[in-house]
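Enquirer: First the structure, which I've put down as structure tokens, then a few questions once you've had a look.
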Amino acid sequence: MTRAVVVLFLGRLGSLNALEQTKPSRFWRRWLGEALPSADSIGRVCSLMDVDDVRGVHRAVYARLKRMKALMPPEHGLMLAVVDGHESTASRKRCCPGCCQRTLHTTKGDVLEYYHRHVALRLVGRDLSLMLDAEPVAPGEDELAAARRLVERALARYPRAFDVVAGDALYANTDWFNFLRARGKHALAVLKDNRPNLVEDARALFEFQAPGLDVERGSRRYRCGDCDSFTRWPEVSPQVRVVRSLETWTVRRQLDGREEELASDWLWVTTLSARQAATRAVVDMGHARWSIENQGFNELVNRWHASHVYRHHPTAILIFVLLAMLCLNVFMAFHGRNLKPALRRAVTMRHVGQLICAALMREIRGPPGAPA
Ligand SMILES: [Zn+2]
């Protein structure tokens with residue numbers, strides 16, 4: 242069944258019914274050794290599959306890429322795992338035992354909405370990053386509880402794959418930081434208004450500190466501050482560190498062609514000491530956290546149709562998410578390792594995806610005018 246779903250994603254078909262329409266093709270006998278099951282059967286089988294089997298395929302792909310030395314750490318030498326929550330579907334009509342619920346206050350009264358959310362883990366390497374695993378947020382629990390299960394499993398399956406776990410402001414949480422330290426991993430999180438006292442204390446510190454790092458990279462200028470002994474969060478042991486990056490860059494306004502200076506001011510809190518990671522490394526890892534949204538969730542949703550509900554069942558939803566992630570990983574590895582650099586520079590990644598999709602559809606439908 243996995244092989245049929247891989248074609249669904251690589252062919253960017255978007256629904257099991259679209260896949261079923263290719264059923265008459267002789268391609269399926271060659272690819273599966275049997276006829277393509279109906280859309281209903283594929284959905285039903287996916288709801289009965291063992292999620293660990295699919296996670297095992299993820300592990301095998303990781304192990305192979307690791308052996309090929311495709312997963313090398315960035316320049317600073319630390320492998321980063323990014324965790325983040327993603328809502329894959331929402332409905333006011335359909336629900337299942339895995340659905341979370343929320344009440345929406347509308348002008349026509351309160352409405353109950355059902356949704357699925359999962360936490361994903363992305364491994365960030367120098368040239369290649371992988372969406373490694375996902376864990377559903379169970380009804381009634383918060384994202385951090387699911388993230389904890391996810392990281393516990395990652396520690397068991399990929400114990401040496403990452404050194405630091407990064408998250409958004411939600412992960413600037415005492416229990417989360419202590420949980421990671423107790424397991425020999427470092428934590429890094431955005432510091433934002435959800436921790437107002439810490440933000441206020443950190444900003445006050447940097448008010449009186451001269452910038453420790455002032456660099457230009459591309460069109461962006463970074464003025465960074467670094468406080469290695471931030472004593473205002475004593476619940477986390479050992480002491481945490483706070484890094485600030487005030488970034489400025491110039492854009493040309495489309496309306497009148499005038500240049501406009503933009504700025505963003507970032508604060509990160511981490512258990513990494515200055516000896517373990519330089520200021521620049523912390524800033525780089527802080528920015529690398531965005532890759533789970535930009536090259537992970539956005540790519541999966543917009544180009545791989547991963548948020549479509551192929552079968553509304555808790556197991557099936559997770560199986561489809563994991564298989565979409567697997568296809569994305571293999572595609573990224575192919576793009577990064579198999580294509581010649583000149584070709585990679587000449588065409589966009591999107592174009593490469595379209596070429597693969599077109600080649601696959603040619604296999605399934607035959608050349609134009611040919612009988613299927
Ligand atoms: Zn559901």
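The sequence shown begins at 242 in our numbering and counts up one residue at a time. All residues carry an ideal CB built from backbone N, CA and C; glycine is no exception. Computed from a predicted structure; not experimentally measured.
Does the beta-carbon of Ala504 have 16 or more other beta-carbons within 10 angstroms, so that it is buried, or is it exposed?
Expert: Reading the sequence shown from its first residue, position 263 is the one you call residue 504. Exposed, since its Cβ has fewer than 16 Cβ neighbours within 10 Å.
Enquirer: Using the DSSP secondary-structure output, state which residues sit across from His357 in a beta bridge.
Expert: The count along the sequence shown starts at 1 and reaches residue 357 at position 116. Partner(s): Thr330.
Enquirer: What's the gap between the Cα of Phe575 and the Cα of Cys568?
Expert: The count along the sequence shown starts at 1 and reaches residue 575 at position 334. The count along the sequence shown starts at 1 and reaches residue 568 at position 327. In a straight line, the C-alpha of Phe575 is about 10 angstroms away from that of Cys568.
Enquirer: If you count every other CB in all the chains shown that lies within 10 Å of the CB of Gly326, and 16 or more means buried, which is it?
Expert: Numbered from 1 along the sequence shown, position 85 holds the residue referred to as residue 326. Gly326 is buried by the Cβ-count criterion.
Enquirer: Any idea if Asp467 is buried or exposed, counting beta-carbon neighbours within 10 angstroms, 16 or more meaning buried?
Expert: Along the sequence shown, read from residue 1 onward, the residue named residue 467 stands at position 226. By the 10 Å Cβ count, Asp467 comes out buried.
Enquirer: Assuming Asn419 and Ser460 form a contact by the criterion Cβ under 8 angstroms, report the distance between their Cβ atoms to the nearest whole angstrom.
Expert: Stepping through the sequence shown from its first residue, residue 419 is reached at position 178. Stepping through the sequence shown from its first residue, residue 460 is reached at position 219. With a beta-carbon spacing of about 39 angstroms, Asn419 and Ser460 fall beyond the 8 angstroms limit used to define contacts.
Enquirer: Which value, in whole angstroms, describes the spacing of the CA atoms of Gly252 and His299?
Expert: On the sequence shown, residue 252 is found 11 positions in, with the first residue counted as 1. On the sequence shown, residue 299 is found 58 positions in, with the first residue counted as 1. Rounded to whole angstroms, Gly252 to His299 spans 20 angstroms at the Cα level.
Enquirer: For Asp374 versus Ala395, is the C-beta spacing smaller than 8 angstroms?
Expert: Along the sequence shown, one-based indexing puts residue 374 at 133. Along the sequence shown, one-based indexing puts residue 395 at 154. Judged by beta-carbon spacing, Ala395 lies within the 8 angstroms limit of Asp374, meaning their Cβ atoms are closer than that value.
Enquirer: Give the residues whose C-beta lies closer than 6 angstroms to at least one heavy atom of ligand 1, in chain order.
Expert: Cys336, Cys337, Gly339, Cys340, Tyr355, His357, His553
Enquirer: Taking 8 angstroms as the cut-off, decide whether the C-beta atoms of Pro193 and Leu559 are in contact.
Expert: Missing from the structure shown is residue 193; the chain here goes from 242 to 613 and no further.
Enquirer: Rounding to the nearest angstrom, what Cα-Cα distance links Ala613 and Arg585 in this structure?
Expert: In the sequence shown, counting from the first residue as 1, residue 613 sits at position 372. In the sequence shown, counting from the first residue as 1, residue 585 sits at position 344. Note that Ala613 scores 47 on pLDDT, short of 50, meaning its location in the model is unreliable; the coordinates nonetheless yield the value given after this. Distance between the alpha carbons of Ala613 and Arg585 is about 33 angstroms.
Enquirer: Locate the beta strand (DSSP E) running through Ala407, then write down its first and last residues.
Expert: Mapped onto the sequence shown, residue 407 falls at position 166. First-last of the beta strand (DSSP E) with Ala407: 405-408.
Enquirer: Counting Cβ pairs, one atom from each stretch, are 3 or more of them under 8 angstroms apart for the region 294-311 and the region 397-414?
Expert: yes
Enquirer: Kindly indicate which residue of Arg462, Leu564, His592 has the alpha-carbon position closest to the one of Met242.
Expert: Translated into the one-based positions of the sequence shown, residue 242 becomes position 1. Measuring from the Cα of Met242, the nearest candidate turns out to be Leu564.
Enquirer: What is the C-beta distance between Gly577 and Asp368, in whole angstroms, given that I count them as a contact (C-beta under 8 angstroms)?
Expert: Counted from its first residue, the sequence shown places residue 577 at position 336. Counted from its first residue, the sequence shown places residue 368 at position 127. The Cβ separation is near 6 angstroms, so the contact holds.
Enquirer: With a cut-off of 8 angstroms, do at least 3 Cβ pairs link the region 317-324 to the region 525-535?
Expert: With a cut-off of 8 angstroms on Cβ pairs, the region 317-324 is in contact with the region 525-535, counting three or more such pairs.
Enquirer: I want to know whether the region 253-265 touches the region 334-346 - three or more CB-CB distances under 8 angstroms.
Expert: no
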